[in-house]
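Here's the structure we're looking at; comments come further down.
4 protein chains.
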Amino acid sequence: MLRIAVLGCGRIGRMHAENIHAHPRAKLAGVFDVVHAAASDVADKLGVPRFASAEEIFASSAVDAVLIATSTPTHADFIEAAVAAAKPCLCEKPIDLSVDRVKACAKAIAGTTVPIMLGFVRRFDTGHAGVRQAIEAGQIGEVHQVTITSRDPDIAPDAYIEVSGGIFRDMTIHDFDMARFVMGEEFETVSAVGARLVAPALMRRCDDYDTVTVTLTTASGKQCVISNARRAVYGYDQRVEAFGSQGMVISENHPANNTRLYGASFTDRKAPLMNFFIERYAQAFASEIDAFVDAAEKKLPPAVGFDDGLRALLLAEAAILSVREGRPVNLSEVE
Amino acid sequence: MLRIAVLGCGRIGRMHAENIHAHPRAKLAGVFDVVHAAASDVADKLGVPRFASAEEIFASSAVDAVLIATSTPTHADFIEAAVAAAKPCLCEKPIDLSVDRVKACAKAIAGTTVPIMLGFVRRFDTGHAGVRQAIEAGQIGEVHQVTITSRDPDIAPDAYIEVSGGIFRDMTIHDFDMARFVMGEEFETVSAVGARLVAPALMRRCDDYDTVTVTLTTASGKQCVISNARRAVYGYDQRVEAFGSQGMVISENHPANNTRLYGASFTDRKAPLMNFFIERYAQAFASEIDAFVDAAEKKLPPAVGFDDGLRALLLAEAAILSVREGRPVNLSEVE
Amino acid sequence: MLRIAVLGCGRIGRMHAENIHAHPRAKLAGVFDVVHAAASDVADKLGVPRFASAEEIFASSAVDAVLIATSTPTHADFIEAAVAAAKPCLCEKPIDLSVDRVKACAKAIAGTTVPIMLGFVRRFDTGHAGVRQAIEAGQIGEVHQVTITSRDPDIAPDAYIEVSGGIFRDMTIHDFDMARFVMGEEFETVSAVGARLVAPALMRRCDDYDTVTVTLTTASGKQCVISNARRAVYGYDQRVEAFGSQGMVISENHPANNTRLYGASFTDRKAPLMNFFIERYAQAFASEIDAFVDAAEKKLPPAVGFDDGLRALLLAEAAILSVREGRPVNLSEVE
Amino acid sequence: MLRIAVLGCGRIGRMHAENIHAHPRAKLAGVFDVVHAAASDVADKLGVPRFASAEEIFASSAVDAVLIATSTPTHADFIEAAVAAAKPCLCEKPIDLSVDRVKACAKAIAGTTVPIMLGFVRRFDTGHAGVRQAIEAGQIGEVHQVTITSRDPDIAPDAYIEVSGGIFRDMTIHDFDMARFVMGEEFETVSAVGARLVAPALMRRCDDYDTVTVTLTTASGKQCVISNARRAVYGYDQRVEAFGSQGMVISENHPANNTRLYGASFTDRKAPLMNFFIERYAQAFASEIDAFVDAAEKKLPPAVGFDDGLRALLLAEAAILSVREGRPVNLSEVE
């Protein structure tokens with residue numbers, strides 16, 4: 009049994025703690041949160057210890073691995089601490105909002121064999137992963153165009169938006185990772201447009217956008233389009249489509265249930281989409297823990313590594329520059 | 009060019025006339041209806057002669073073949089006339105409401121090589137035909153269970169119901185033919201239940217039912233279920249499903265268009281189903297003319313023959329007996 | 009926290025134990041199995057005690073409620089023991105294969121206020137439950153026809169078939185309960201046909217069927233059709249459709265993932281259906297525990313009661329008689 | 009009856025002739041083609057005169073209106089001739105490959121009240137039109153993002169590609185019109201990327217692309233993405249999606265039939281998409297004639313006018329410039 013401690017007991021940390029608790033080959037070693045009451049709550053419910061500090065976790069011989077679900081500015085520090093303590097680590101995205109900090113972290117942990125896994129959870133969704141598997145199995149030939157639609161059910165609270173780093177670093181970053189995962193090839197140029205259609209005043213205040221379209225191209229001309237919006241009234245819109253020389257594969261949305269209704273003025277009506285990521289990606293979050301346990305047990309490079317976190321962040325930087333300057337940006341400009 | 013005359017210029021006759029007019033290898037030779045104005049209307053629109061009588065058509069050397077879309081009681085007479093005149097004939101279903109009359113007609117035309125085709129149009133629907141094709145191609149192995157759902161968008165006018173011969177002879181008869189077509193094997197027993205849920209007073213007056221379920225079995229135990237209702241508020245519900253040892257094939261409904269709507273309380277909402285048979289089976293009616301032209305040109309037995317009309321009617325008789333006596337009926341009881 | 013002990017650590021018992029372990033308002037009090045190793049395995053994994061006997065559980069003050077997942081012949085005894093011990097009980101279906109034993113059990117526990125819940129898990133599937141909810145919300149008007157398709161991905165091992173009590177008591181029983189749940193009205197007649205198309209020799213030896221169609225009618229003429237087969241190569245086929253005076257509602261199948269593939273000879277191809285009930289009804293099994301915890305905490309009649317178990321069994325008896333005698337059976341004949 | 013002559017008897021002209029022939033309020037007045045045999049073939053089949061020249065048509069008092077389906081370089085001349093002859097005209101797209109010629113034509117016919125309709129047939133597809141109707145009915149609120157996927161089943165012959173004017177003028181032009189139609193607002197910027205992935209040698213020779221992505225934005229920041237490819241092995245991929253503040257509406261693809269197949273390794277498999285535009289847009293081509301007859305009879309501005317042809321061409325010009333210079337282009341640069 010891999011003994012995993014969870015740092016951060018917010019909504020995501022708590023969910024990870026429960027998934028670890030339920031995992032057949034893992035054991036929840038304990039939890040920590042700077043808000044002690046949040047940690048106590050989880051600890052009591054699941055019958056595990058509450059740690060007094062993050063340091064205590066990294067020092068504990070009763071902890072084999074750590075899951076980092078604390079606030080973004082602590083991520084890089086904790087990754088470095090995990091490597092120093094030789095504890096495999098699963099860290100929520102992003103590594104940091106600053107590319108420089110991420111690069112410094114990369115330098116600090118360079119050469120480590122401690123598995124460091126990034127929480128790009130969507131790679132573990134059976135639907136999205138099915139897209140990649142179909143590609144790898146040669147079922148659609150060579151990939152030519154990837155289309156990612158990713159819209160939140162509603163805009164996050166102002167307080168979150170204000171510190172999120174902007175839509176590209178906070179929301180599109182998942183899609184940048186998905187684009188790389190599905191395309192299986194690095195992108196060379198990024199061209200983005202942004203609009204303020206959902207919450208114009210807030211967006212102006214934060215110099216942010218709520219509705220964006222990003223086009224990515226590879227050196228060979230392959231294309232990826234990402235459509236994001238901060239509010240889709242019908243729920244959490246999460247689709248991935250790959251078009252290739254021999255076919256196409258699509259990962260579809262998930263309505264809240266599988267019921268279809270017919271009435272006098274309509275047919276085939278389904279429920280709104282699952283809302284929100286905890287529900288929609290429940291299976292993916294559980295599978296992510298599975299992959300982490302695998303990597304930690306076998307000391308193997310995890311499915312999603314530190315460099316994936318950096319690459320996604322660089323794409324976000326390029327998109328920000330593209331919108332600001334109204335022109336396509338070459339990745340080399342931000343690397 | 010096959011010169012085809014149309015007898016009967018009601019809604020169906022008119023549609024057939026237009027399809028013949030538009031067919032690349034056929035020519036509308038003229039039309040007839042006991043209501044001369046109805047015939048004149050079609051004749052004028054399409055620029056073809058109006059015949060003064062059915063007899064004139066059968067006697068005309070300018071007519072190669074006939075399409076019979078007159079009222080049911082005339083069908084058998086006209087089929088006999090067509091055979092006598094050596095004119096290939098496409099006759100709307102049913103041949104007659106009386107099994108005895110149908111058998112007499114069969115006797116009268118026994119041994120003829122003149123192609124006599126029955127208008128079981130649904131066999132020509134690309135979806136339903138696709139079910140049969142999948143079976144013939146071995147794609148679902150041996151057929152074990154067939155499920156046919158067939159519901160009209162609304163109940164016909166009282167005047168029609170009163171002379172229709174009842175739901176089994178008028179509506180289910182299409183499904184009996186579809187059941188035989190898809191199963192590819194004759195049925196041995198028929199078990200039917202009927203209810204009066206849509207228009208109870210009318211149904212009682214006509215000793216008829218508006219909601220029925222029929223189970224058919226073959227000698228080898230294979231099963232078919234037909235669900236009928238005289239009113240489906242969401243449109244014309246027309247589905248065929250065949251389940252077999254190696255798979256399943258389903259012919260789906262046709263919404264009025266291919267648009268899907270998403271809103272705050274629903275997703276994937278489509279339009280009501282196409283309404284009614286002229287729209288839903290437009291492609292099938294055109295393909296039916298195609299098959300008839302083929303058979304007439306080549307003097308070959310048509311895809312749907314006189315005997316298919318008789319077999320469907322016998323299944324209807326068995327269903328009527330089954331509901332009346334509350335027991336399964338063996339086909340041999342009504343043959 | 010409701011302390012629940014699990015009796016029976018086979019595949020289903022183990023899953024229930026894990027669901028209780030993970031439930032926010034329940035605690036797994038311990039497990040028991042006549043095969044001690046099976047119980048120890050679960051106990052060790054989840055860190056809970058293994059009880060030495062069922063008696064020990066019923067006597068324990070550390071157990072508030074029980075879940076019975078032992079072999080069928082023990083169910084009625086354990087239900088009686090649970091009532092005697094005043095411990096709310098969730099019992100897997102069926103109560104017993106013998107109607108007499110079930111009636112005796114009913115007599116033995118008559119008048120109890122101890123919540124006794126039956127494990128008709130499908131009622132808790134969000135899709136199937138959504139059908140019932142749509143009906144209760146008046147979204148399809150009055151229900152006229154219910155269609156249930158229920159096919160296993162593959163036939164169970166011979167050893168299971170030999171003691172299962174036959175397809176109607178073992179497999180269709182779930183559909184009988186679903187039919188009652190969806191129709192919201194008791195059935196009056198049962199008419200069933202059965203065939204031996206999947207495993208003829210085994211079926212003959214067991215006097216059983218592998219492919220059956222059952223038609224149920226209510227006193228008012230409403231109709232329900234159940235289609236069962238013991239092997240569907242494409243996976244676990246689980247669909248429920250209710251057609252009513254104002255619309256229709258369908259609970260659809262669940263492919264293993266939400267990916268659709270397009271190639272040179274096909275489009276929209278999905279994965280096989282989830283296989284088997286533990287995967288397909290994972291959400292429903294978890295929700296079932298939820299409902300049980302609710303009922304036990306509040307000492308309220310559970311969503312699915314003892315009488316529901318009896319009613320489903322009586323429908324199975326009627327179906328068996330119907331197939332044997334080749335005629336519709338009135339429920340009053342078997343009550 | 010509106011008497012319409014058809015100029016051009018290639019594949020599209022012939023189809024238009026048949027649709028006019030079948031139309032209840034129109035009559036085919038005759039046909040013309042520079043290849044007389046092509047015109048004779050259609051004339052004989054449909055029993056109408058063959059005109060000896062285009063001039064004869066424009067001069068004929070037996071012709072009320074004209075349909076222009078000749079080669080692109082003749083379109084503008086014939087439009088001018090139609091206006092001069094006061095004959096309403098339905099002209100296939102594009103008006104011309106040269107913006108200058110189109111502008112000259114616009115000047116030549118300025119102020120005319122003769123209805124001039126452009127053949128952007130997709131606007132008449134019930135699915136795509138349904139998207140626009142949903143928007144106009146307020147069903148999705150304000151449109152924020154439009155996504156158009158448009159892929160041909162296979163690349164056209166080299167000879168066609170060589171004179172087509174390039175993918176943006178030949179293929180994307182339909183999507184530019186659809187984008188304007190659905191968005192209901194003019195675009196301000198065009199940003200396009202292109203690749204040579206399907207037929208690289210041919211594309212290089214023609215300075216053309218086979219795989220392109222175009223992003224359009226309006227002054228208010230609303231976004232439209234068009235994905236084109238010259239070969240989709242699964243058929244003619246034609247989808248339109250509009251996302252808005254209150255919902256989303258999607259016009260879906262059309263498989264060749266409505267059958268779904270289930271087997272041991274898949275479920276829900278449909279046929280390839282309809283192939284090609286004559287089949288896929290059969291309903292739309294017929295409705296287009298309907299709209300033209302309406303406009304011609306009532307002397308009203310047609311649903312799709314000359315200016316729509318110009319606007320689409322300007323978007324194509326901007327896309328070409330964008331790809332060439334690797335930057336977003338403002339429409340004002342090409343107007």
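Chains W, A, E and L are the protein sequences, given in the same order. Reminder that position 253 of the first sequence reads as 261 in this note's numbering, one-by-one numbering, no gaps. Reminder that position 15 of the second sequence reads as 23 in this note's numbering, one-by-one numbering, no gaps. Reminder that position 301 of the third sequence reads as 309 in this note's numbering, one-by-one numbering, no gaps. Reminder that position 166 of the fourth sequence reads as 174 in this note's numbering, one-by-one numbering, no gaps. Ideal Cβ placement from N, Cα and C applies to all residues, glycine included. All values derive from a computational prediction rather than experimental measurement.
Separation of residue 337(L) from residue 192(L), as counted between CA atoms: Our two residues, residue 192(L) and residue 337(L), have alpha carbons roughly 20 angstroms apart in a direct line.
Residue 281(L) vs residue 261(L) beta-carbon contact at 8 angstroms: Yes.
Close beta carbons around residue 94(L), own chain, < 7 angstroms, minus the five adjacent residues each side: Taking residue 94(L) as the centre and dropping the five residues before and after it, the same chain places the C-beta of 122 closer than 7 angstroms to its C-beta, in chain order.
Proximity winner among 230(E), 214(E), 237(E), relative to residue 206(E) (alpha-carbon distances): Nearest of 230(E), 214(E), 237(E) to residue 206(E), Cα basis: 237(E).
Proximal residues of chain E, C-beta to C-beta of residue 270(W) below 9 angstroms: Under the 9 angstroms cutoff, chain E gives 148, 251, 255, 256, 257, 258.
Residue 295(A) - DSSP class collapsed to helix/strand/coil: It is helical.
DSSP three-state assignment for residue 152(W), whether helix, strand or coil: If DSSP states are grouped into helix, strand and coil, residue 152(W) belongs with the strands.
CB contact check: residue 274(A) to chain W, cutoff 8 angstroms: So, interface residue.
Residue of 64(W), 292(W), 307(W) minimising C-alpha distance to residue 130(W): When the alpha-carbon of residue 130(W) is set against those of 64(W), 292(W), 307(W), the nearest one is in 292(W).
Contact check, residue 15(W) vs residue 33(W), beta carbons under 8 angstroms: No, the Cβ-Cβ distance between residue 15(W) and residue 33(W) is not below 8 angstroms.
Interface residues of chain E facing residue 242(L) [CB-CB closer than 7 angstroms]: Scanning chain E for C-beta atoms nearer than 7 angstroms to the C-beta of residue 242(L) yields 270, 271, 272, 275, reported in chain order.
Straight-line gap, residue 169(E) to residue 242(W) (C-alpha atoms, nearest Å): Cα-Cα distance, rounded: 46 angstroms.
Minimum Cβ-Cβ distance from residue 207(L) to chain E less than 8 angstroms: Answer no: the Cβ-Cβ gap between residue 207(L) and chain E never drops below 8 angstroms.
Residues of its chain near residue 199(L), where Cβ-Cβ distance is below 6 angstroms and the 5 sequence neighbours each way are ignored: Closer than 6 angstroms at Cβ, skipping near neighbours: 223, 330, 336.
Whole alpha helix (DSSP H) elements within the segment 100-153 of chain L, 4-residue minimum: Listed in chain order, the complete alpha helix (DSSP H) runs (minimum 4 residues) inside the segment 100-153 of chain L are 107-116, 134-144.
Cβ contact check for the segment 286-303 of chain E and the segment 267-280 of chain A: 3 or more pairs under 8 angstroms: A contact between stretches requires three or more CB pairs, one per stretch, nearer than 8 angstroms, and the segment 286-303 of chain E fails this requirement with the segment 267-280 of chain A.
Span of the alpha helix (DSSP H) around residue 53(E): Per DSSP, residue 53(E) belongs to the alpha helix (DSSP H) from 44-54.
Residues, ordered as in the chain, of the segment 198-226 of chain A that lie near chain W by beta-carbon distance below 9 angstroms: Those residues of the segment 198-226 of chain A that come within reach of chain W (Cβ to Cβ, closer than 9 angstroms) do not exist; the list is empty.
Burial state of residue 177(A) (16 or more Cβ within 10 Å): The residue is buried, with at least 16 neighbouring Cβ atoms inside 10 Å.
CA nearest to the CA of residue 21(L), picked from 127(L), 321(L), 323(L): Closest by alpha carbon: 127(L).
is_contact[residue 152(A), chain E] using C-beta, thresh 8 angstroms: It does; some Cβ of chain E falls within 8 angstroms.
Cross-chain neighbours of residue 281(A) in chain W, by beta carbon under 9 angstroms: What residue 281(A) touches in chain W, judged by beta-carbon distance under 9 angstroms, is 270, 275, going in chain order.
Residues, ordered as in the chain, of the segment 321-342 of chain A that lie near chain E by beta-carbon distance below 9 angstroms: If the cut-off is 9 angstroms between Cβ atoms, the segment 321-342 of chain A has 334, 335, 336 near chain E.
Backbone secondary structure at residue 17(A) - three-state DSSP: Note: residue 17(A) maps to coil in three-state DSSP.
Chain A residues whose Cβ lies nearer than 8 angstroms to that of residue 263(W): By Cβ distance, chain A contributes 275, 276.
Cβ-based contacts, 8 angstroms cut-off: residues of the segment 21-43 of chain W near chain E: 26, 29, 30, 32: these are the residues of the segment 21-43 of chain W whose beta carbon lies less than 8 angstroms from some beta carbon of chain E, given in chain order.
Residue span of the beta strand (DSSP E) that contains residue 277(W), given as start and end: Residue 277(W) -> beta strand (DSSP E) spans 274-277.
Residue interval of the beta strand (DSSP E) (run including residue 250(W)): From DSSP, the beta strand (DSSP E) with residue 250(W) extends over 245-252.
Residue 196(A) - DSSP class collapsed to helix/strand/coil: Collapsing the DSSP output to three states places residue 196(A) in a strand.
Beta-bridge pairing of residue 270(L) - partner residues as DSSP gives them: For residue 270(L), which the question treats as bridged, DSSP gives the partners 256(A).
Sequence-distant residues of the same chain with beta carbon closer than 7 angstroms to residue 114(E), five excluded per side: Its chain contains 314, 318 as the residues whose beta carbon lies nearer than 7 angstroms to that of residue 114(E), once the 5 sequence neighbours on both sides are disregarded; these appear in chain order.
Residue 257(E) vs residue 186(E) beta-carbon contact at 8 angstroms: No, the Cβ-Cβ distance between residue 257(E) and residue 186(E) is not below 8 angstroms.
Interface partners of residue 229(A) on chain E, CB under 9 angstroms: In chain order: 201, 202, 203, 204, 205, 217, 219.
Residues sharing a beta bridge with residue 158(A), DSSP: According to DSSP, residue 158(A) shares a beta bridge with 236(A), 246(A).
Closest by C-alpha distance to residue 201(W), when choosing among 152(L), 160(L), 98(L): When the alpha-carbon of residue 201(W) is set against those of 152(L), 160(L), 98(L), the nearest one is in 152(L).
Minimum Cβ-Cβ distance from residue 233(L) to chain W less than 8 angstroms: Yes - at least one Cβ of chain W is within 8 angstroms of the one on residue 233(L).
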